[in-house]
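K.L.:
Residue numbers (this note's numbering), protein chains in the order written: chain A, 190 to 479; chain B, 73 to 418; chain C, 25 to 404; chain D, 64 to 247.
Beta carbons are placed, not taken as given, at the ideal position from N, Cα and C, and that holds for glycine.
This one's a predicted model, so the numbers in the text were calculated from it and none came from an experiment.
One structure, pasted below without further comment.
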Amino acid sequence: MEGASTRGVLSHLSLLEVQARSRKTQPQQRSRVKELKAEAEALMIQRDKLKAEIQTHERLQKLRMSMDKQCPREQEEEEEMDEDSEDSQLLRLMARHTHLKDLLHAHHLIGGYDIIKTHQGKGVCVSVATSYEGVCLDTYNLEIDLKPKLRISRHNVPPFIPLNSLAEQSNMQTNIRAFLDTLSRHLNAFAGRKQQLKLLKEQHKSVEVMESNVLCSILVLMLTVPREKTAVLCTLDYTDHTRCLPTRVHFDCEDKELPDSPEWKKNCHLLMETPVHTALLTMKKMGNIV
Amino acid sequence: MDDSAKRLLQRFMRRIPTQMLKTTLEKWSRLTVAQQKSLDFTQSKWALTEALLDICEENKWTTKHISELEMIYVIDNPNQGMWHAFQLMDPEDDAHSVELTQFKEQFKSHLSELIRHVSVKIKKHTDEAVWIRIAWGDSYSRPNHLKPTYVVHYLQTPYVFVTSLTSKQKPLLSQALVLSTRHHAIKDANLSGKKFTAIRDLLMRQYQQAFPTKYPSPLKEKNQTVSNPLIEREQAGPAANRLQMACEAFGDGMLPQLQSAVYKLETKFRDQTNKTMTEREESFRCVVKFASTNLLESLRDCASSGIASTPVTPLLSSIPLKGRNYFVITDNSPGPSSQMHQKTDG
Amino acid sequence: MERQHNSVVRTPLNSVVVQRRSKSKSYRQSYRSCLGAASRLGLTPALTARRLNTSRRAPKSHNITDKVDPEQLTLLLKTEWKLSYVTPLYQFRHTQLKSYSRQLSAFIAAEKQQGLAVDAEGSQSSFRVSFSVVQGMTETADDAETVLIQIHSKPMFAKQDDPQKLVWSGWLACINGNPDYLSSLSKDFICLPLFGSSGPEVLTTLVKSWFQQMFDCCFGPLEISHTSLQWLVALWTNCHTESNIQHLRMIWTLPVTPPLQITYTVDAQDAWELWSSVRKDPEEESEGGEEVEEGGSIDLKEVMRFMQGLKNHFYRHFRLDLSAGSLQQVSTALGSAKYSGRIKVSSDGKNCSQSFSQDTFLLTHTRKDKCCTNIFFLSF
Amino acid sequence: MSLLKPFSKLPGLNTANILLVESEEQFQQSLADALVEETAVTVNVRLAKSLPLPMENEESRPRIDLVVFIINLTSELSFQSAEASLKYLDPGYFLGKVCFMVTNARKASAPTERLDAVRKLAASLHCPLLFAEDQTPDGVANATERLLTILKVSAGLVPMATALYLSNLTRCTVPPDIDQPSFD
């Protein structure tokens, strides 16, 4: 008690008094313990809850794993059902739910394209199928490296489809789906135009194809008016390469008034709105061309 | 009929095999039925030439008409001479809307601005190819029809195929092409060969490529020969795998008949068993040429039979992938872990 | 093997037919065994008396121009020769060359007139054949002197006074012949086992059939084996310091469909540096107790190491194993050799020379300044 | 490394199983087609490019009675591949259940050294060395005949004969002078 010798007896006494007073508050402390105990209990309950949640999650995970692995063999899974069937059924449902959600997400990401992993997961191969009027046409493939960044390593898209500039424009790195969608539109439109040209050549022997190109973006046809036997040069411009229909239709004829006639104006609309081979069929039926 | 027309016809007759003469003349469609009948194709070439010369004389046909005939023959038989591929670069916005008549006019006018004496003939083939025949002269001499340059271009594509072009004519043609196709530049595509169809198909991707799919590949089905149940191939799996990889690298089915590929290697000699050479500063210079009647099919067979290891080295798969058959290979950096790097020659 | 030959010699003279047949057969056997071909029978070890060397003397300075007329030598250079082997010639005399010239001319003329052989080149014109001896194209005393045959003719549309042109040439040689074998032959036989020809095939066939009729001998194609070609690759490269080989070119064929041909051309200096890096240490060599000669000897192992080095470099780039294919042709500025048995020795100087032999095939090359010749021994 | 063992499985009734190993996979097919024509016994043929054999076939693979290494003498790779495959065989096989078959030995492009190397290899392993002609039907028939003879013995189908006994009679020997240079 160093303090006592230096500060004096009185101060020491008062110190003792304070100490004695404080000893009286102990019953209050006891209630504090109770409080803490309750808290601990609450925490324990929470822990058990979480534990149960983890367990559920783990089981869910396990179920998901097996689900991912043997997707097509669902019956087998049902056989290994646990005893507490209600619980496991719920779990199963939950697992299935997450599984479907993931699938949906993946499907959404790739936009419904046929896609598979290559090179042990270092790349993917995307197939873009084309069709026209319900007829399946060529399928195009892209092999894409995933790392360090997306890069088209190999493909069989014809060189007149500007693949690289499409990839750049649609921001392939961040939005592969937008890129694939644009590409698919280009390819489908090209396949459609090509198919139209093929059908036109097959179905309309009397129509002469004066000009076309590999992209099928320009079509010049020689049509003949039945009675007068005048020749009409019909130019179809497909400036929008993502569409199968022309953006401009133009007629050239010796008879300068013919393109302005109501009949041919109607033909012009027809060609703008329907595929060329069907439009020509209609025109033939109407007696506008041979 | 002037002398040059005569010589052109004589040269044409020397080049064309007799059995092709009849169909070519028919396609030319300048001879009347009577004239056509008067020609006896069993005669000697010399006699046929004389007869044709007479007909030409009669009709006062000039080099213009004869070069037409030559062009028909060349279009039908393009696999002659040495073809080189060029690639158009940086298209302008309207490059996609260039159409034939516009291209024809532009090309002719651009070329004749660059050189006074030049004769250009442009013809579109049935497969959408635009064929251009250029007879070059210079500022003092008339176009020489005996040594024409042939150029093939598919509108809207970046590729141009050229045969018999001298280095003097190259800049002229390049400029005319760049301007008339609405591009900014043109470069050598490092692909050349005797077979025009091969280099065209390779660049235009007009051959069957194989891609990995999740469906049973037609490759496997094709190779499932009905075999005796007593015979079993132990390594059928790896063999199928090799075939798949070979097809993915070089293509499936019939492949473009590319006949050669050349690699100029200037890389360090690295061999663990040879310290002296590995430590040598300079690179080991060598030239490797692969040649075959169908190079891609040969290489595919190499890979599928295991002579070449799979996966196929990028050096070889670059031939179809990049559409090139000339490569200069140098080491990326002098460091020990430097990667092989492909560099185009200038 | 000697016993075999002796038995042939001892065959009674009255059974000529038998003697002939057995002679040519045993000769072939002996020759085949010289080529190491008899060992291909695999299970008959008794026949494999002779084998290829695994080590050779290094190129030795040798002045062949001292022995051989340079003018005659130039006739042998820069031409691609198609090689054949020949069985010993019966009753061939170096003194009768003039008469042989006349006889062969007459023979060719007669054959041509029969219309058996079709040759656009001067079927009307007469052929002038000349036999000559190339003095000094031998290595040992037992070797018979080399015989050069030239056929001159006038082109079909040539004028009367135009000079006759050389249309065909060929030679028969024996250099460094095996003395055991040579001495086992009867005196009536002259051994000139290597035949080189250059010119229209029709004339080659005629010359061969004349020899067959006159000297009762046989001809057969002589291919250059894979190993011999590899030897040449090394020997030529080894020569680079003395005479620039400009490049080392090897052509491989791979057995795929369609066949793939690979031409591998290596810069001369780089090839030489690789070669010297695979040569074994001279000291190491002497430790092994081998003869220490100036220049040392070249070991087959070194050749194989060199080839392996070249193949490894190739594999590192193309991942394609050249071992799966076969070496078809090798060439440098000094000459070329093909698997099909065609060889050519080119040179940049006047003093280059070459000689050929039965077991040893000597390709020689002379340096302009020193006028010395390197002789490469290469056995088939 | 999985060794192929000669006695790890039970033999089949009147059955002989042969394994043809050839890196080029050319000749083995025609040989196999000819081998299975045999009517006296059932011959199962397994084809391989090289050894070791894949593990997944372990179950279905019958007991192999004879291993044949086919070596094309014109190809260096063919020899190297066969040499590398040898170490995947159980030593028990070398008691008469391995043989070497060489093709293209008559071609001039085949270097003699390679044949010597094959002979040394066969001799050192006490195996027979057969020569075959792969281009002609006759050659294939001949080779088949010879293989069948050995196969029947090694499969234990010939009374009074064992593989070891036969291989003692047929094994390749090397001439004593094989390494002697001829001259120089």
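#1: Enumerate, from N- to C-terminal direction, the unbroken alpha helix (DSSP H) stretches of 4 or more residues contained entirely within the segment 83 to 142 of chain D.
#2: Please name the residue or residues paired with residue 334 of chain A in a DSSP beta bridge.
#3: Quick check on the burial criterion: 16 or more other C-beta atoms within 10 angstroms. Buried or exposed for residue 395 of chain A?
#4: Would residue 186 of chain C be called buried (16 or more neighbouring beta carbons within 10 Å of its own) or exposed?
#5: Could you name the residues that DSSP lists as bridge partners for residue 166 of chain B?
#6: Could you give the distance in angstroms between the alpha-carbon of residue 100 of chain B and the alpha-carbon of residue 82 of chain B?
#7: Would you say residue 398 of chain B reaches chain A, if we count a Cβ-Cβ gap shorter than 8 angstroms as a contact?
#8: To be precise: take each residue of the segment 300 to 323 of chain B, compare its Cβ to all Cβ atoms of chain D, and keep it if any distance is under 8 angstroms. Which residues remain?
#9: Run the CB neighbour count on residue 233 of chain D, radius 10 Å, all protein chains shown included, and call it buried at 16 or more, exposed below.
#10: Return the residues of the segment 399 to 424 of chain A that lie within a Cβ-Cβ distance of less than 8 angstroms from chain B, sorted by chain order.
#11: Would DSSP call residue 81 of chain D helix, strand or coil?
#12: Using a Cβ-Cβ cut-off of 8 angstroms, state whether residue 350 of chain C counts as contacting chain D.
#13: By DSSP's criteria, residue 472 of chain B is part of a beta bridge. Which residues make up the other side?
#14: Against residue 277 of chain B, what residues of chain A qualify as contacts under a CB-to-CB distance less than 9 angstroms, listed in chain order?
#15: Please list, in chain order, all residues of the same chain as residue 132 of chain D whose beta carbon is under 6 angstroms from its beta carbon, the five residues on each side excluded.
#16: Please return the same chain residues whose Cβ sits closer than 6 angstroms to the Cβ of residue 406 of chain B, not counting the five positions on each side in sequence.
#17: So with Cβ pairs under 8 angstroms, would you call residue 228 of chain B a contact of chain A?
#18: Go through its chain and collect everything with a Cβ distance to residue 249 of chain C's Cβ below 6 angstroms, but skip five positions before and after it.
#19: Return the first residue and the last residue of the alpha helix (DSSP H) that residue 386 of chain B is part of.
#20: Would you tell me roughly how many angstroms separate the C-alpha atoms of residue 74 of chain B and residue 269 of chain B, rounded to the nearest one?
#21: Classify residue 85 of chain B as helix, strand or coil using the three-state DSSP reduction.
#22: To the nearest angstrom, report how far apart residue 328 of chain A and residue 336 of chain C are at their CA atoms.
#23: If distances are taken between C-alpha atoms only, which option among C:279, C:288, C:295 and C:293 comes closest to residue 139 of chain D?
#24: Just checking residue 121 of chain C against the ligand PLP - is the residue's beta carbon closer than 7 angstroms to any of the ligand's heavy atoms?
#25: Listed in chain order, which residues of the segment 293 to 318 of chain A have Cβ atoms closer than 8 angstroms to some Cβ of chain B?
#26: How many angstroms separate the CA atom of residue 196 of chain D from the CA atom of residue 173 of chain C?
#27: Please decide whether residue 186 of chain D counts as near chain C, where near means a Cβ-Cβ distance under 8 angstroms.
#28: Pick from B:332, B:140, B:102 and B:367: whose alpha carbon is nearest that of residue 222 of chain B?
#29: Determine the direct distance from the alpha carbon of residue 247 of chain A to that of residue 236 of chain A, and round the result to whole angstroms.
#30: Could you tell me whether any Cβ in chain C is nearer than 8 angstroms to the Cβ of residue 154 of chain B?
#31: Which chain D residues are close to residue 251 of chain C, counting only those with a beta carbon under 9 angstroms from its beta carbon?
#32: Using 8 angstroms as the limit for Cβ to Cβ distance, is residue 339 of chain C near chain D?
#33: So, for residue 211 of chain B: in the same chain, excluding its five sequence neighbours on each side, which residues have a beta-carbon less than 6 angstroms away from its beta-carbon?
#34: Which runs of the beta strand (DSSP E) at least 3 residues long sit entirely within the segment 210 to 266 of chain B? Give them in chain order.
#35: Can you tell me which of the three DSSP states residue 414 of chain A falls into?
#36: Going by beta carbon distance, what residues of the same chain come within less than 8 angstroms of residue 446 of chain B, once the five residues before and after it are set aside?
P.N.:
In brief:
#1: The segment 83 to 142 of chain D contains these whole alpha helix (DSSP H) runs: 90 to 98.
#2: For the purposes of this step, residue 334 of chain A is identified with residue 145 of the first sequence, where counting begins at 1. Residue pairing by DSSP places residue 334 of chain A opposite A:312 and A:340 in a beta bridge.
#3: As a first step, residue 395 of chain A is located in the first sequence; it is residue number 206 there, counting from the start. A residue is called buried when at least 16 other Cβ atoms come within 10 angstroms of its Cβ; residue 395 of chain A does not meet this threshold and is exposed.
#4: For the purposes of this step, residue 186 of chain C is taken as the residue at position 162 of the third sequence. Under this definition residue 186 of chain C is an exposed residue.
#5: Taking the second sequence and counting its residues from 1, the one referred to as residue 166 of chain B is at position 94. Its beta-bridge partners do not exist; DSSP assigns none.
#6: In the second sequence, residue 100 of chain B corresponds to position 28, counting from 1. In the second sequence, residue 82 of chain B corresponds to position 10, counting from 1. Their Cα atoms are separated by approximately 17 angstroms.
#7: Here residue 398 of chain B is taken as the residue at index 326 of the second sequence, counted from 1. Taking 8 angstroms as the threshold, the shortest C-beta distance from residue 398 of chain B to chain A does not fall below it.
#8: Of all residues in the segment 300 to 323 of chain B, 300, 302, 303, 304, 305, 306, 307, 309, 310 and 311 have a Cβ within less than 8 angstroms of some Cβ in chain D.
#9: Within the fourth sequence, residue 233 of chain D is the residue found at index 170, counting from 1. Of the residues assessed, residue 233 of chain D falls on the buried side of the cut-off, its CB having 16 or more other CB atoms within 10 angstroms.
#10: Under the 8 angstroms Cβ criterion, the segment 399 to 424 of chain A contributes 400, 401, 402, 403, 404, 406 and 407.
#11: Taking the fourth sequence and counting its residues from 1, one reaches residue 81 of chain D at position 18. In the displayed model, residue 81 of chain D falls within a strand according to three-state DSSP.
#12: The residue you call residue 350 of chain C lines up with position 326 of the third sequence. Yes, residue 350 of chain C counts as interfacial toward chain D.
#13: The question about residue 472 of chain B has no answer here: the residues shown for chain B are numbered 73 through 418.
#14: Taking the second sequence and counting its residues from 1, the one referred to as residue 277 of chain B is at position 205. Under the 9 angstroms cutoff, chain A gives 344, 345, 346, 347 and 348.
#15: Here residue 132 of chain D refers to the residue found at position 69 when the fourth sequence is read from its first residue. Answer for residue 132 of chain D: 84, 145 and 163, listed in chain order.
#16: Numbered from its first residue, the second sequence carries residue 406 of chain B at position 334. Residue placement at residue 406 of chain B cannot be trusted, given a pLDDT of 45 that sits under 50; what the coordinates show is reported in the next sentence. Here the set comprises nothing.
#17: As a working mapping, residue 228 of chain B is identified with position 156 in the second sequence. At least one CB of chain A lies nearer than 8 angstroms to the CB of residue 228 of chain B.
#18: If you number the third sequence from 1, residue 249 of chain C lands on position 225. The beta carbon of residue 249 of chain C sits closer than 6 angstroms to no other beta carbon from its chain once the five residues preceding and following it are set aside.
#19: The residue labelled residue 386 of chain B in the question sits at position 314 within the second sequence. Looking at the DSSP string, the run of the alpha helix (DSSP H) that includes residue 386 of chain B is 386 to 394.
#20: Within the second sequence, residue 74 of chain B is the residue found at index 2, counting from 1. Within the second sequence, residue 269 of chain B is the residue found at index 197, counting from 1. The straight-line gap from Cα to Cα measures roughly 35 angstroms.
#21: Along the second sequence, one-based indexing puts residue 85 of chain B at 13. Reduced to three states, the DSSP call for residue 85 of chain B is helix.
#22: Numbered from its first residue, the first sequence carries residue 328 of chain A at position 139. Numbered from its first residue, the third sequence carries residue 336 of chain C at position 312. Residue 336 of chain C has its alpha-carbon roughly 41 angstroms from the corresponding atom of residue 328 of chain A.
#23: On the fourth sequence, residue 139 of chain D is found 76 positions in, with the first residue counted as 1. Nearest to residue 139 of chain D by C-alpha distance, out of C:279, C:288, C:295 and C:293, is C:279.
#24: Among the ligands in the structure shown, none appear at all, so the ligand PLP cannot be discussed.
#25: Sequence-ordered contacts of the segment 293 to 318 of chain A with chain B read 303, 305, 307, 314 and 316 [C-beta pairs closer than 8 angstroms].
#26: Within the fourth sequence, numbered from 1, the residue matching residue 196 of chain D stands at position 133. Within the third sequence, numbered from 1, the residue matching residue 173 of chain C stands at position 149. When rounded, the distance between both Cα atoms is 40 angstroms.
#27: Within the fourth sequence, numbered from 1, the residue matching residue 186 of chain D stands at position 123. No, residue 186 of chain D lies away from the interface with chain C (no Cβ there is under 8 angstroms from its Cβ).
#28: Residue mapping note: residue 222 of chain B aligns to position 150 of the second sequence, counting from 1. Nearest neighbour of residue 222 of chain B by Cα position, chosen from B:332, B:140, B:102 and B:367, turns out to be B:140.
#29: Position 47 of the first sequence, counted from the first residue, corresponds to residue 236 of chain A. Position 58 of the first sequence, counted from the first residue, corresponds to residue 247 of chain A. When only Cα atoms are considered, residue 236 of chain A and residue 247 of chain A end up about 16 angstroms apart.
#30: Walking along the second sequence from the start, residue 154 of chain B turns up at place 82. Closer than 8 angstroms to the CB of residue 154 of chain B there is not a single CB belonging to chain C.
#31: Sequence index remark: in the third sequence, residue 251 of chain C carries index 227 (1-based). Against chain D, a Cβ distance below 9 angstroms from residue 251 of chain C picks out 174, 175, 176 and 177.
#32: Working through the third sequence from its first residue, we reach residue 339 of chain C at position 315. For residue 339 of chain C, the answer is no, since every Cβ of chain D falls outside 8 angstroms of its Cβ.
#33: On the second sequence, residue 211 of chain B is found 139 positions in, with the first residue counted as 1. Correct list, in chain order: 188.
#34: At a cut-off of 3 residues, the continuous stretches assigned as beta strand (DSSP E) that sit fully inside the segment 210 to 266 of chain B are 216 to 226, 231 to 235 and 255 to 265.
#35: In the first sequence, counting from the first residue as 1, residue 414 of chain A sits at position 225. The answer is coil: DSSP assigns residue 414 of chain A none of H, G, I, E or B.
#36: The requested residue 446 of chain B is not part of the displayed model; chain B covers only 73 to 418.
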